[in-house]
Amino acid sequence: MQMTTSELRTAFLEYFRQQGHQVVASSSLVPHNDPTLLFTNAGMNQFKDLFLGLEQRAYNRATSSQRCVRAGGKHNDLENVGYTARHHTFFEMLGNFSFGDYFKQDAIRFAWEFLTEVVKLPKEKLWVTVYATDDEAFDIWSKEVGVPVERIVRIGDNKGAQYASDNFWTMGDTGPCGPCTEIFYDHGEHIWGGPPGSPEEDGDRYIEIWNLVFMQFNRHADGTMEPLPKPSVDTGMGLERIATILQGVHSNYEIDLFQALIKAAARAVGTEDLDNKSLRVIADHIRSCSFLIADGVMPSNEGRGYVLRRIIRRAVRHGRKLGAEQSFFYTLVGALCEQMAEAYPELNTQRPIIEKVLRLEEEQFARTLGRGLQLLEEAIEEMGDSKELPGEVVFKLYDTYGFPADLTADVLRDRELSIDEAGFETLMQQQRERAKEASNFGVDYSRTIKVDGETDFTGYQHLAESARVTALFKDGEPVSALIAGEEGAVVLDKTPFYAESGGQVGDTGVIKLDGGLFVVRDTQKAGNGILHLGQLELGTLEAGDSVTAAVDAYRRQATALNHSVTHLMHECLRKLLGDHVIQKGSLVGPDRMRFDFSHLEAMTAQEIREIEDMVNKEIRANHAVSTELMTLDAAKDAGAMALFGEKYDDEVRVVSMGSASTELCGGTHVQRTGDIGLFKILSESGIAAGVRRIEAVTGDAALAYMNQLNQELAQAAGLVKGDLFSVSDKVRQVLDRSRQLEKEIEQLKAKLTAHAGTALLEQVMDIKGTKVLVADLEGVDGKSLRGSLDDLKARLQSGIVVLATVTDGKVSLIAGVTKDLTGKVKAGELVNLVAQQVGGKGGGRPDMAQAGGTEPAQLPAALASVTPWLTERL
Numbered sequence: 001m002q003m004t005t006s007e008l009r010t011a012f013l014e015y016f017r018q019q020g021h022q023v024v025a026s027s028s029l030v031p032h033n034d035p036t037l038l039f040t041n042a043g044m045n046q047f048k049d050l051f052l053g054l055e056q057r058a059y060n061r062a063t064s065s066q067r068c069v070r071a072g073g074k075h076n077d078l079e080n081v082g083y084t085a086r087h088h089t090f091f092e093m094l095g096n097f098s099f100g101d102y103f104k105q106d107a108i109r110f111a112w113e114f115l116t117e118v119v120k121l122p123k124e125k126l127w128v129t130v131y132a133t134d135d136e137a138f139d140i141w142s143k144e145v146g147v148p149v150e151r152i153v154r155i156g157d158n159k160g161a162q163y164a165s166d167n168f169w170t171m172g173d174t175g176p177c178g179p180c181t182e183i184f185y186d187h188g189e190h191i192w193g194g195p196p197g198s199p200e201e202d203g204d205r206y207i208e209i210w211n212l213v214f215m216q217f218n219r220h221a222d223g224t225m226e227p228l229p230k231p232s233v234d235t236g237m238g239l240e241r242i243a244t245i246l247q248g249v250h251s252n253y254e255i256d257l258f259q260a261l262i263k264a265a266a267r268a269v270g271t272e273d274l275d276n277k278s279l280r281v282i283a284d285h286i287r288s289c290s291f292l293i294a295d296g297v298m299p300s301n302e303g304r305g306y307v308l309r310r311i312i313r314r315a316v317r318h319g320r321k322l323g324a325e326q327s328f329f330y331t332l333v334g335a336l337c338e339q340m341a342e343a344y345p346e347l348n349t350q351r352p353i354i355e356k357v358l359r360l361e362e363e364q365f366a367r368t369l370g371r372g373l374q375l376l377e378e379a380i381e382e383m384g385d386s387k388e389l390p391g392e393v394v395f396k397l398y399d400t401y402g403f404p405a406d407l408t409a410d411v412l413r414d415r416e417l418s419i420d421e422a423g424f425e426t427l428m429q430q431q432r433e434r435a436k437e438a439s440n441f442g443v444d445y446s447r448t449i450k451v452d453g454e455t456d457f458t459g460y461q462h463l464a465e466s467a468r469v470t471a472l473f474k475d476g477e478p479v480s481a482l483i484a485g486e487e488g489a490v491v492l493d494k495t496p497f498y499a500e501s502g503g504q505v506g507d508t509g510v511i512k513l514d515g516g517l518f519v520v521r522d523t524q525k526a527g528n529g530i531l532h533l534g535q536l537e538l539g540t541l542e543a544g545d546s547v548t549a550a551v552d553a554y555r556r557q558a559t560a561l562n563h564s565v566t567h568l569m570h571e572c573l574r575k576l577l578g579d580h581v582i583q584k585g586s587l588v589g590p591d592r593m594r595f596d597f598s599h600l601e602a603m604t605a606q607e608i609r610e611i612e613d614m615v616n617k618e619i620r621a622n623h624a625v626s627t628e629l630m631t632l633d634a635a636k637d638a639g640a641m642a643l644f645g646e647k648y649d650d651e652v653r654v655v656s657m658g659s660a661s662t663e664l665c666g667g668t669h670v671q672r673t674g675d676i677g678l679f680k681i682l683s684e685s686g687i688a689a690g691v692r693r694i695e696a697v698t699g700d701a702a703l704a705y706m707n708q709l710n711q712e713l714a715q716a717a718g719l720v721k722g723d724l725f726s727v728s729d730k731v732r733q734v735l736d737r738s739r740q741l742e743k744e745i746e747q748l749k750a751k752l753t754a755h756a757g758t759a760l761l762e763q764v765m766d767i768k769g770t771k772v773l774v775a776d777l778e779g780v781d782g783k784s785l786r787g788s789l790d791d792l793k794a795r796l797q798s799g800i801v802v803l804a805t806v807t808d809g810k811v812s813l814i815a816g817v818t819k820d821l822t823g824k825v826k827a828g829e830l831v832n833l834v835a836q837q838v839g840g841k842g843g844g845r846p847d848m849a850q851a852g853g854t855e856p857a858q859l860p861a862a863l864a865s866v867t868p869w870l871t872e873r874l
C-alpha cells in the first residue's frame with residue numbers, strides 16, 4: 001500500500017485507538033526528571049515510571065508517535081548520518097504500550113494485523129525473531145499467527161544462531177527489561193544479505209521494522225531480576241523505516257518527507273545534484289536541530305547544547321561543501337514546518353525562535369569556519385603518506401576554531417583519511433568531562449524509595465489534617481518505627497503538605513503525635529505517595545499511629561505569592577517580548593522566585609520596567625484565582641499554557657487568574673491576585689545560550705527590598721547633601737568635579753614629568769659615542785613613562801633611553817632607541833634584559849618596547865646591567 005509518511009503516522013495511531021489505546025502526545029526531547037537520558041530516545045521514555053509501578057494513570061493502554069534523538073552519549077552515530085540508508089540523528093518511533101493489561105498474545109496479534117491487514121504488507125515477506133528460551137512467543141507466532149517455523153529465528157542465550165545478537169531488551173544497566181520479539185521485512189533476492197541469525201545478517205536485504213518488548217523484570221545493580229508488578233508491553237517501529245517499505249524504496253532518504261527536505265536544501269545551497277550525500281546530512285540535521293530548539297535546547301559548549309552545536313556545524317559544513325556562501329540552514333525551517341507541523345504544531349509556534357537561533361549559530365560558526373578549514377588543509381598537506389591526522393591538530397581545531405572532532409573526521413572521510421582519536425582524547429581530558437555530560441547520566445532505580453499505596457493531598461483546602469502513618473523510612477529503607485533524634489521519612493494516608501513539584505518547593509511544618517513531635521524540613525513525592533522528610537524531636541513514631549500534620553502557614557502563603565506571580569509574569573513576558581518566550585524552569589520558594597525563559601537577548605532596563613508595571617497592574621486588578629479539573633485536550637482548547645518539562649495526566653488542574661493567565665499547574669496559589677501585594681524584579685541575567693533568568697520578590701519580601709533601597713538612597717542623599725529626589729543630580733555634580741580634579745592632577749603630573757626630564761638630561765652618559773640614559777623615576781605613574789620616553793628621545797635626537805618606576809610593588813619598564821640606532825640595538829631585547837631580572841617579560845617595536853616585573857628589589861642591579869650590555873653592542 002502506498003502511503004505518505006503523514007498518512008502512515010495517522011493510520012498507526014488510529015488503529016491502536018480503535019483497539020482501546022489512549023493516543024498520547026509525543027513528549028519533549030528533553031526527558032522529564034530522568035537523569036539517565038541525555039535525550040528522549042524511545043517511545044517508552046515518558047512511560048518509564050508506569051512500567052516501574054511508581055506512577056498510575058487513567059489508562060492502561062497507550063499509543064504514540066514519539067520524536068527521538070540519538071546523537072550523543074551511547075547513541076553517537078553522527079558520522080554515519082547521511083552516508084547510510086537508515087542512520088538519523090532524529091527519528092519518529094511509533095509505539096503501542098500495555099501497562100499490566102495485555103501481554104504477548106495481543107501484542108503479537110496487533111502487530112501482525114496492522115502490518116498485514118492495515119498497511120497490507122505481504123505475509124511471505126515478513127520474518128520474526130524471538131528470544132531463545134521464549135517458547136511462549138515462538139508458539140504464538142507459529143501456531144496462532146501461522147508464520148512458518150523456518151521464518152521464526154531464536155536469538156540469544158547461546159541457543160540461537162552463531163552470529164545472532166541477544167534478543168533480550170534492557171533500558172540500561174538497571175531498570176525495566178525483558179525478552180523481545182522482532183519483525184523483519186525481506187526486501188528481496190536482488191539485495192545482498194541474509195536473514196537474522198545468519199552470517200550475512202548485516203546485509204540490507206532483511207531489515208528490522210518492529211520490536212516488541214515483553215517487560216517482565218526490573219534489573220538491579222547486582223544483576224538480580226525482580227519481577228515487575230505487572231508484566232507489560234513496549235513496542236517500537238521506526239516511522240521512517242516502515243515508510244520506506246510502503247513507498248517501495250530502499251533508503252529512508254527516498255521517502256516523501258526526506259525528498260521534500262532534500263529538494264529544499266538543494267534550492268537553499270544552489271545545487272541540482274539531488275543524490276549528493278551532503279543534502280541528506282542537511283535534511284536529517286534540520287529535523288533534529290529544529291525540534292531540539294523547540295524543546296528548549298540552545299547551542300552551548302556543554303551537555304545537550306553541545307550536541308546541538310555539533311549537529312548544526314556539521315550541517316553548515318556540508319552546505320559550504322556544496323557551495324553555499326551565505327547563511328542557509330535556518331531557511332529550511334519553513335520546509336520542515338510544511339512537512340511536520342500538522343503532527344507537531346509546536347514547530348509553527350516556535351518557528352521564529354528556531355530560525356533565529358540557527359541563523360545566529362551559523363553566522364558565528366562562519367566567522368571561524370574559513371580559518372579552520374585553511375588550517376586543516378595545511379595540516380593535510382603536511383601529513384605526507386600518513387593516513388591519520390595527529391591528535392594535537394584535531395584538538396587545536398576544536399579548541400581554537402570550534403571544530404568538533406567528528407566534523408574534522410567528516411572532512412577527512414571524503415579523502416579516505418582518519419583522525420588520531422587516542423591522541424585527541426588525551427588532549428581533551430579536561431574538556432571531555434564538560435562536553436560529555438551524558439557520562440554523568442546514571443541512576444540506580446533499585447535504590448528509589450518505593451511507597452505502596454497513595455497519599456491523598458488535601459493541602460488545597462486545609463493546612464492541618466488528621467492522618468494515619470502508613471510507612472516509615474530511615475536511610476532509604478523501610479522501618480517499623482522512628483525514635484527521638486532519628487532522621488527519616490514519614491508517609492501518611494492523607495496530608496496537607498505540598499510535595500516539591502513544578503518548581504515549587506516542598507512544604508515544611510510539623511507532625512504532632514501523642515507525646516511527640518516530628519519536624520518536617522522538606523516534602524517530596526515517591527510514586528503516588530508523599531514523603532515528609534525531617535527529624536523526630538520527641539517521642540516514638542510507629543506505623544499506624546494517628547497524627548496531626550500541620551503546614552507552616554506563613555511559609556506556604558509566601559510561596560503561593562511567588563508561584564502565582566510566575567504565572568502573571570510568564571504571560572506578560574510573552575506579550576512584551578513575543579510568543580517565543582517559553583518557561584525553561586523555575587524555583588518558587590517563600591523568599592523569592594526564579595524564572596528561566598527562552599529569549600536570545602538581554603532585556604533592556606526599559607523592558608524590565610515595563611514587565612514590572614504590567615505585572616503590578618494585574619495584581620492591582622485583583623483577579624479572582626480559580627482552579628478547575630478538566631481533560632488535557634479540553635484544557636488546551638481553553639488556551640491553557642503547559643509548562644516546560646512537565647508531565648501531565650489525562651485530567652489536569654487548570655489555574656486561571658481572570659483574563660491575565662491560564663496555565664496547567666498543580667501548585668498552590670493565592671485566592672486573588674491582589675494578595676500578592678507588590679512585585680519587584682531583582683535581576684535579569686543569562687544562564688545559557690538563548691535562556692534568560694529573572695529573580696524577583698513579592699509581598700513582605702518586596703516591601704523589605706524597597707525599604708532597604710529607600711534607606712540606601714537616603715544615606716547616599718545625605719552624603720552628597722541632597723534629598724531623595726535630587727540625589728542623582730548631586731551625584732552627577734560630584735562626579736563632574738571629580739573628573740575635573742583628575743584632569744588637573746594629570747596635567748600637574750605631566751609638568752612634573754617634564755621637569756624631571758629636564759633634570760634627567762644631566763644623567764646622560766656617553767657609550768662609544770652614543771648618548772645613553774638609564775633612570776629610575778621615583779614617584780612617577782607607570783602610565784606616564786611613555787610620555788617621558790618620547791620627550792627624552794626628542795631632546796636627545798639620537799640615543800638610547802631606559803626608564804623604570806615602581807608602583808604598588810610592581811615594576812614598569814620602557815626602552816626607547818632612536819631610529820638611527822635600531823640597526824645596532826633593539827628596544828625589545830633591551831627591555832627584556834632588564835625585565836627578566838625583575839621577574840617579568842615584555843616586548844614591542846625595535847624603537848620602543850615595554851615590560852613589567854614583580855621583583856622591585858632587583859631593579860637597581862637590573863638597571864646597572866644595561867651599561868655593560870650596551871658597551872658590547874655599540
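Numbering (the UniProt record's numbering), first residue to last: 1 to 874.
Note that the Cβ used here is the ideal one computed from N, Cα and C, for glycine as well.
It should be emphasised that the depicted structure is a prediction, and the values quoted were computed from it without experimental measurement.
Legend entry - Completely contained beta strand (DSSP E) runs for the stretch 677–706, where each covers 3 or more residues: 679–688 and 691–698
Inset, instruction - Could you tell me whether the stretch 540–557 touches the stretch 312–321, where touching means 3 or more Cβ pairs closer than 8 Å? - result: Here the stretch 540–557 does not lie against the stretch 312–321, with fewer than 3 beta-carbon pairs under 8 Å apart.
Inset, instruction - Starting from A243, follow the alpha helix (DSSP H) in both directions and report where the run begins and ends. - result: L239 to L246
Legend entry - Beta-carbon spacing of D507, T523 below 7 Å: yes
Legend entry - Beta carbon of F329 nearer than 7 Å to that of L369: no
Legend entry - K74 classed as buried or exposed, judged by whether at least 16 other C-beta atoms fall within 10 angstroms: For K74, the pLDDT reaches just 43, beneath the cut-off of 50, and the residue's location in the model is therefore unreliable, leaving the point undetermined.
Inset, instruction - Would you kindly work out how many angstroms separate the C-alpha atoms of D596 and F97, rounded to a whole number? - result: 34 Å
Inset, instruction - Please state whether DSSP places Y59 in a helix, a strand or coil. - result: coil
Legend entry - Cut-off 7 Å between Cβ atoms - residues of its own chain near L803, not counting five sequence neighbours on either side: A775, L777, L785, S788, L789 and I814
Legend entry - Reduced DSSP secondary structure (H/G/I, E/B, other) of L863: helix
Legend entry - Rounded distance between the beta-carbons of T470 and G485, thought under 8 Å: G485 to T470, Cβ: 23 Å. No contact.
Inset, instruction - Label F168 either buried or exposed according to how many other C-beta atoms from any shown protein chain fall within 10 Å of its C-beta, with 16 as the threshold for buried. - result: buried
Inset, instruction - Run the CB neighbour count on R468, radius 10 Å, all protein chains shown included, and call it buried at 16 or more, exposed below. - result: Classification of R468: exposed, given that the 10 Å Cβ count is below 16.
Inset, instruction - Within the same chain, show all residues whose beta-carbon is closer than 8 Å to that of V825, passing over the 5 residues directly before and after it, in chain order. - result: Correct list, in chain order: I800, V817, L870, R873 and L874.
Inset, instruction - Would you be able to state if there are at least three C-beta pairs under 8 Å between the stretch 90–109 and the stretch 227–239? - result: The answer is yes - the stretch 90–109 touches the stretch 227–239, with three or more Cβ pairs under 8 Å.
Legend entry - Runs of beta strand (DSSP E) lying entirely within the stretch 479–549, each at least 3 residues, in chain order: 481–483, 487–492, 509–513, 516–526, 529–538 and 540–542
Inset, instruction - Whole angstroms is fine: what's the gap from L347's alpha carbon to E712's? - result: 48 Å
Legend entry - G534 versus L482 - alpha carbon distance: Cα to Cα, the separation comes out at about 11 Å.
Legend entry - the ligand FMN heavy atom lying under 6 Å from the CB of D591: Absence of the ligand FMN from the depicted structure is noted, as is the absence of any ligand whatsoever, leaving it without description.
Inset, instruction - Under 8 Å by Cβ, that's how I've got V838 and V811 pegged, so tell me the actual separation to the nearest angstrom. - result: 5 Å
Legend entry - Of the residues D591, T559, S290 and T170, the one placed nearest Q216, counting alpha carbons only: Of the candidates D591, T559, S290 and T170, the residue whose Cα lies closest to the Cα of Q216 is T170.
Legend entry - Segment limits, beta strand (DSSP E) that includes R468: A464 to K474
Legend entry - Contact set for Q66: own chain, Cβ-Cβ below 6 Å, skip 5 residues either direction: If the five residues before and after Q66 are omitted, its C-beta is found closer than 6 Å to the C-beta atoms of S26, G43 and M93, all from its own chain and listed in chain order.
Legend entry - Beta-carbon proximity check, Y131 vs G156, cutoff 7 Å: A distance below 7 Å separates the beta carbons of Y131 and G156.
Inset, instruction - Quick one: residues in its chain with C-beta nearer than 7 Å to the C-beta of G527, no 5 flanking neighbours on either side, listed in chain order? - result: L54, E55, K450 and V451
Inset, instruction - Tell me where the beta strand (DSSP E) around R653 begins and ends. - result: Per DSSP, the continuous beta strand (DSSP E) segment holding R653 begins and ends at E651 to M657.
Legend entry - Below-7 Å beta-carbon distance, V802 vs any chain D residue: In the structure shown, chain D does not exist; there is a single protein chain.
Inset, instruction - Would you kindly check if the distance between the Cβ of T455 and the Cβ of T426 is under 7 Å? - result: no
Inset, instruction - Specify the secondary structure class of A405 as computed by DSSP and reduced to three states. - result: DSSP places A405 in helix when its eight states are reduced to three.
Legend entry - Same chain, Cβ closer than 6 Å to D234, neighbours up to 5 away in sequence not counted: M44, F97, V213 and M215
Inset, instruction - May I have a chain-ordered list of the alpha helix (DSSP H) segments no shorter than 4 residues that lie completely inside the stretch 158–216? - result: none
Legend entry - Cα-Cα separation between S288 and M706, rounded to whole angstroms: 46 Å
Legend entry - Reduced DSSP secondary structure (H/G/I, E/B, other) of residue 878: Nothing can be reported for residue 878: it is not among the residues displayed for the chain, which extend from 1 to 874.
Legend entry - Residue burial classification, V365 (beta-carbon count within 10 angstroms, cutoff 16): A small fix is needed here, since residue 365 is Phe in this sequence, not Val. Sixteen is the threshold: when 16 or more other Cβ atoms of the shown chains lie within 10 Å of the Cβ of F365, as they do, the residue is buried.
Legend entry - Residue burial classification, L629 (beta-carbon count within 10 angstroms, cutoff 16): exposed
Legend entry - Candidates L52, Y102, L37 and T89, of which the one nearest S61 by Cα: In the sequence under discussion, the amino acid at residue 61 is Arg, which differs from the Ser named in the question. Taking only the C-alpha atoms, the option nearest R61 is Y102.
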